[in-house]
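Colleague: I am attaching a structure below and will ask some questions about it afterwards.
There are 2 protein chains.
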Amino acid sequence: MSKITDHINQLREDFMKGSLNEVDIHKDPFTQFEIWLQQAIQSEMPEVQAMNLSTISDNKPSSRIVYLRRLNNHKFWFYGNYDSKKGKSLEENPNASLNFFWPELQRQIRIEGTVKKATKVNSDNYFNSRPLESQLGAWASAQSNKLSSRKKLENKLTELKKQFKGKEVPRPEHWGGWVLTANYYEFWQGRKSRLHDRLIYELKDKNWEISRLAP
Amino acid sequence: MSKITDHINQLREDFMKGSLNEVDIHKDPFTQFEIWLQQAIQSEMPEVQAMNLSTISDNKPSSRIVYLRRLNNHKFWFYGNYDSKKGKSLEENPNASLNFFWPELQRQIRIEGTVKKATKVNSDNYFNSRPLESQLGAWASAQSNKLSSRKKLENKLTELKKQFKGKEVPRPEHWGGWVLTANYYEFWQGRKSRLHDRLIYELKDKNWEISRLAP
């Protein structure tokens, strides 16, 4: 067995940081999500807004980190280039899953739902809140397309800086938001000896049904 | 806008920790993976072996954290209950994706490939290396099935402790390994102003072709 396999085999933490009980959780999973997100923010761990987004294309899953930028009533917003691989995948199949993993709290939140494009107003508002360099980046980068060199991207950015100097940078048509509406949540709390707590919420006839899953 | 949305909107780190150049990376992506994994281990961040596994079931993606427990020559092993949701999904569709996200290093590694069950010998070897309580946990828990209460799981474990007292715990038939064989890798290094470095490796006629993607 290789040294690195040997090492990762020995990484085995016994999760003791918390527990999750049916009596403690909120009956609404979005509120429960906000409670855990708030606790994650307070714990000051890095990149609390990072979530794994999984999409399907050509009957294959693909996953990447995106940032949660807005949330409201079972809706979760993220932003990017509509012509990127994830944009095309979501066009083809709107089913998607999110996963927040917060190892410092020994917690995971799995969310499933369907994705639509955000409204233009929503996309404009978020775009306008970004720093100038990120706004120019949205113009400079044909996300997920092959790029012959990094230099080419940097040159494009320099050119755009001149072009937009002293002007407001408008949102490119190909850049904007998506919003996932959740129909399934799992709250996962690591426990001792791999006997983790897993509570799920399923949407049935407009009601959220709570169940415990075996770990 | 809610206070929490307002807060996550302001989380915006300018990634300055590294860069990724065509001339610096190894021509073999598995070796490049080992190099980054080794650096992640050395950085002493938590849960370096945690990876997001995405699978497809019923034309919907789902994702969860699993642990990388063995790796060798483009193969990545993880373990669990074959009757769990991920087990059934992988039976239905062997396409899967992995995502390692290491915020402390501002790095992400995305891997895609196909999954098979590990050999019985491999599953036995790993099962035998686990602590006793985790071995009993594999017998106690019908993973992903609904559970009427946590108490029921704990009682089952107490019963199993008596049953196996002083005996070796054999691997249950329904518990074992899977191995993903990679056909695609992306190495992502966060850079300033969202102009991240993204280098991908695609398997073409048994050769790994390297390209840069626009961020």
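Those sequence lines, one after another, are chains R and E. Heads up: take any position in the first sequence, counting from 1, add 76, and you land on the working numbering. Heads up: take any position in the second sequence, counting from 1, add 76, and you land on the working numbering. Yeah, the Cβ is synthetic: ideal placement off N, Cα and C, and Gly gets one too. Computed from a predicted model, the values in this text were never measured in an experiment.
(1) Would you mind reading off the limits of the alpha helix (DSSP H) that contains R/I101?
(2) Using a C-beta to C-beta distance shorter than 7 Å, which residues of chain R count as neighbours of E/E120?
(3) CA-CA distance, E/R183 and E/L96?
(4) By the DSSP assignment, the beta strand (DSSP E) with E/S138 in it spans what residues?
(5) Assuming the contact rule is C-beta atoms closer than 8 Å, R/G156 and R/Q219 should be a hit. Round their C-beta distance to whole Å, please.
(6) When the Cα atoms are used, what is the spatial distance from E/V197 to E/V142?
(7) Find the residues of chain R that neighbour E/H83, judging by a C-beta separation of less than 8 Å, and give them in chain order.
(8) Which of helix, strand or coil does DSSP assign to R/E167?
(9) What are the residues of the segment 230 to 252 of chain R that lie near chain E, defined by any Cβ-Cβ distance shorter than 9 Å?
(10) Taking the beta strand (DSSP E) that R/N148 falls in, what are its first and last residues?
(11) What separation, rounded to the nearest whole angstrom, lies between the Cα atoms of R/F263 and R/G94?
(12) Taking only beta-carbon positions, decide if E/I101 is within less than 7 Å of chain R.
(13) Run through the DSSP bridge pairs and tell me what E/I185 is partnered with.
(14) Using a Cβ-Cβ cutoff of 7 Å, what residues of the segment 130 to 143 of chain E are near chain R? List them in chain order.
(15) Interface residues of chain R around E/P291 at Cβ under 7 Å?
(16) Taking Cβ-Cβ distances shorter than 8 Å, what residues in chain E pair up with R/A194?
(17) Quick one: what does DSSP say R/S199 is sitting in, helix, strand or coil?
(18) Counting Cβ pairs closer than 8 Å, one from the segment 226 to 236 of chain R and one from the segment 170 to 186 of chain E, do we hit at least three?
(19) Please compile the residues from chain R whose C-beta is within a distance smaller than 8 Å of the C-beta of E/P179.
(20) Assuming E/S139 contacts R/S130 (C-beta within less than 8 Å), just tell me the rounded distance between them.
(21) How would you list, in chain order, the residues of chain R whose beta-carbon sits under 8 Å from the beta-carbon of E/K222?
(22) Mind checking whether R/K161 and R/V255 have CB atoms under 7 Å apart?
(23) Any C-beta of chain R within less than 8 Å: which residues of the segment 154 to 179 of chain E qualify?
(24) List the endpoints of the continuous alpha helix (DSSP H) containing R/G213.
(25) Under DSSP, the beta strand (DSSP E) around R/D82 begins and ends at which residues?
(26) Give the residues of chain E in contact with R/I80, contact being defined as C-beta atoms less than 8 Å apart.
(27) Terminal residues of the continuous beta strand (DSSP E) containing E/L54?
(28) Applying the criterion that 16 or more other CB atoms from any shown protein chain within 10 Å of the CB defines a buried residue, is R/P137 buried or exposed?
(29) With R/N283 and R/G189 assumed to form a contact (beta carbons below 8 Å), what rounded beta-carbon distance in angstroms separates them?
(30) Using DSSP's beta-bridge definition, name the partner residues of R/M92.
(31) R/E278 touches chain E at which residues, Cβ-Cβ below 7 Å?
(32) On the premise that E/N169 lies in contact with R/N135, defined as a C-beta separation below 8 Å, what is that separation, rounded to the nearest angstrom?
Modeller: This is what the structure holds:
(1) Taken as a continuous stretch (DSSP letters only), R/I101 belongs to no alpha helix (DSSP H), as it is neither H nor E.
(2) The premise fails here: E/E120 is roughly 11 Å from chain R at the closest Cβ pair, so nothing lies under 7 Å.
(3) Between E/R183 and E/L96, the C-alpha separation is close to 10 Å.
(4) 136 to 143 is the extent of the beta strand (DSSP E) around E/S138.
(5) About 6 Å separates the two Cβ atoms, so the contact holds.
(6) In this structure, the straight-line span from the alpha carbon of E/V197 to that of E/V142 is close to 21 Å.
(7) Result: I117.
(8) Collapsing the DSSP output to three states places R/E167 in a helix.
(9) For the segment 230 to 252 of chain R, the residues whose beta carbon sits under 9 Å from a beta carbon of chain E are, in order, E230, L233.
(10) Element bounds for R/N148: 146 to 148.
(11) If I take the Cα positions, the gap works out to 12 Å.
(12) Taking Cβ atoms only, chain R never reaches closer than 7 Å to E/I101, which makes this a no.
(13) Beta-bridge partners of E/I185 (DSSP): E/F176, E/F263.
(14) Per Cβ criterion, the list reads S130, T131, I132, N135, K136, P137, S138, S139, R140, I141.
(15) Result: S217, Q219.
(16) Within chain E, no residue comes near R/A194; the closest Cβ sits about 13 Å away, beyond 8 Å.
(17) Looking at R/S199 - three-state DSSP - the assignment turns out to be helix.
(18) The segment 226 to 236 of chain R makes no contact with the segment 170 to 186 of chain E; the number of CB pairs closer than 8 Å stays below 3.
(19) Neighbours of E/P179 on chain R, chain order: P122, E123, A126.
(20) The Cβ separation is near 5 Å, so the contact holds.
(21) Chain R residues near E/K222: S287, R288, L289, A290.
(22) Between R/K161 and R/V255, the gap from beta carbon to beta carbon reaches 7 Å or more.
(23) Cβ contacts with chain R: N169, N171, A172, S173, L174, N175, F177, P179.
(24) 208 to 216 is the extent of the alpha helix (DSSP H) around R/G213.
(25) First-last for R/D82: 79 to 86, but that is the alpha helix (DSSP H), not the beta strand (DSSP E).
(26) For R/I80, the chain E residues whose Cβ falls inside 8 Å of its Cβ are E110, L113, Q114, I117, L147, in order along the chain.
(27) Residue 54 of chain E is absent from the structure shown; chain E starts at 77 and stops at 291.
(28) Buried, by the Cβ-count rule.
(29) About 16 Å; that fails the 8 Å criterion.
(30) DSSP output for R/M92 lists no bridge partner at all.
(31) Here the premise fails: no neighbours, minimum Cβ distance about 10 Å.
(32) For R/N135 against E/N169, the beta-carbon gap comes to about 7 Å, under 8 Å, which counts as contact.
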